[in-house]
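Protein chains in written order, with my numbering: chain A, 6 to 95; chain B, 4 to 307.
Glycine included, every Cβ here is placed at the ideal spot set by N, Cα and C.
Quick caveat, the model's predicted, so the values are computed rather than measured.
A short write-up of the structure that comes next.
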């Protein structure tokens with residue numbers, strides 16, 4: 006079964022228009038998410054694997070080639086993981 | 004300046020130099036051996052209440068800041084968390100000014116500090132936000148040269164006790180401008196700088212405006228506009244309304260608020276961005292930038 010990801014529940018968030026500012030409590034770092042990353046963050050309120058995310062975004066952006074979406078989602082998810090903003094859900 | 008690492012509390016307790024009390028009586032900042040740099044301090048900081056406590060009145064007092072003179076002429080400005088070393092008294096006085104402001108802000112639970120110049124335009128405070136070399140001082144001084152009351156150079160405190168009506172508070176940092184002045188600065192600006200220069204060296208002019216022309220430490224004013232500066236050599240001057248996310252990003256990049264957690268700070272800055280309109284000011288010429296900003300805010304133009 007593919008690894009699934011969900012928001013780190015320790016993260017606090019402030020939504021500003023369509024964009025999001027997150028605070029990682031241990032480091033006290035503030036992270037800014039652009040519109041696409043903010044959309045990803047919102048979807049990750051519930052556990053998702055990478056294929057789920059690509060399917061969701063492909064449906065939302067039918068004019069964008071699926072390989073492009075897959076690449077962008079992989080990069081955005083990797084960034085969220087690297088910053089400890091999402092956690093693996095078993 | 005070089006970073007000498009955090010000072011230990013044992014060293015902060017040592018020494019027998021004079022103790023000085025800076026700032027408001029309700030939250031004074033104790034400085035030991037301020038006399039080592041005091042002659043230069045007015046170049047950087049003005050209007051702060053200052054009182055000599057004495058050599059022996061408070062022998063056990065732990066100063067918030069200690070000035071340490073090294074045998075080779077270097078001077079350290081030490082706090083409990085940071086120790087910076089300077090080559091001489093003038094640079095150390097500048098360092099003391101920064102340390103005093105950090106200590107002052109750290110004691111004000113409702114205040115944040117933004118890296119920003121500021122001036123009063125049309126009865127409200129215009130806050131010019133930007134990092135190093137963004138043109139904060141330059142645009143603020145062009146506004147001052149055009150007759151608008153200078154409110155602050157480089158940093159401003161914002162009182163968020165009432166987030167619906169935030170107030171700017173002047174920190175008393177004295178204005179300075181890099182030399183040589185750009186060729187397009189205009190005669191009025193050049194005269195302003197020359198007329199108010201307290202000291203000039205090869206790289207900067209340190210100005211001392213009259214009290215009627217510039218705010219003093221502790222003075223407050225209601226905020227009218229938060230302006231994010233974007234200086235690009237040769238760029239045309241534009242003033243545009245700025246979306247709240249971009250304004251919030253700029254404030255996060257330029258804020259100091261040591262006394263609160265980041266989540267609270269983001270929420271408070273968001274409230275500030277809701278309460279005060281944001282603008283993006285792109286420019287290549289500070290003179291044109293100041294004129295365009297006044298024109299946008301007041302619907303008039305200055306002749307720079």
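Unbroken beta strand (DSSP E) stretches of 3 residues or longer found wholly inside the region 162-230 of chain B: 170-172, 179-181, 200-203 and 207-210, given in chain order. Nearest neighbour of residue 193/B by Cα position, chosen from 289/B, 240/B and 33/B, turns out to be 289/B. An exposed status is given to residue 219/B, since fewer than 16 other beta-carbon atoms sit within 10 Å of its beta-carbon.
As the crow flies, the alpha-carbon of residue 78/B is around 14 Å from that of residue 44/B. For residue 48/A, the CB contacts under 8 Å within the same chain, skipping 5 residues up- and downstream, are 58 and 61 in chain order. In this structure, DSSP gives residue 79/B an extended state, which the three-state scheme calls strand. Between the region 254-271 of chain B and the region 191-209 of chain B there are fewer than three C-beta pairs closer than 8 Å, too few to call the two in contact. When the beta-carbon positions are compared, residue 251/B and residue 232/B stay at least 8 Å from each other. DSSP places residue 87/B in the uninterrupted beta strand (DSSP E) bounded by 86-89. Taking 8 Å as the upper bound for CB-CB distance, residue 54/A and residue 9/A are in contact here, some 5 Å apart.
At a C-beta separation below 7 Å, residue 24/A has these neighbours in chain B: 248. Within the DSSP secondary-structure output, residue 114/B pairs in a beta bridge with 162/B. Nearest neighbour of residue 64/B by Cα position, chosen from 190/B, 24/B and 50/B, turns out to be 24/B. Non-local beta-carbon contacts of residue 225/B in its own chain, meaning distances under 7 Å to residues more than five positions away in sequence, involve 127, 128, 168 and 170 in chain order. Residue 234/B sits buried, since 16 or more C-beta atoms from the chains shown fall within 10 Å of its C-beta.
The region 170-181 of chain B makes contact with the region 98-113 of chain B, as at least three CB pairs between them are under 8 Å.
For the region 261-278 of chain B, residues whose beta-carbon sits nearer than 7 Å to a beta-carbon of chain A comprise 264, 265, 266, 269, 270 and 273.
Here the alpha carbon of residue 107/B sits roughly 37 Å from the alpha carbon of residue 40/A. Judged by pairs of C-beta atoms under 8 Å, the region 25-44 of chain B does not touch the region 154-163 of chain B, as fewer than three such pairs exist.
Contact note: residue 91/A does not reach chain B at a C-beta cutoff of 7 Å; the least C-beta distance is about 18 Å. As DSSP reads the structure, residue 23/B sits in a beta bridge with 34/B and 55/B.
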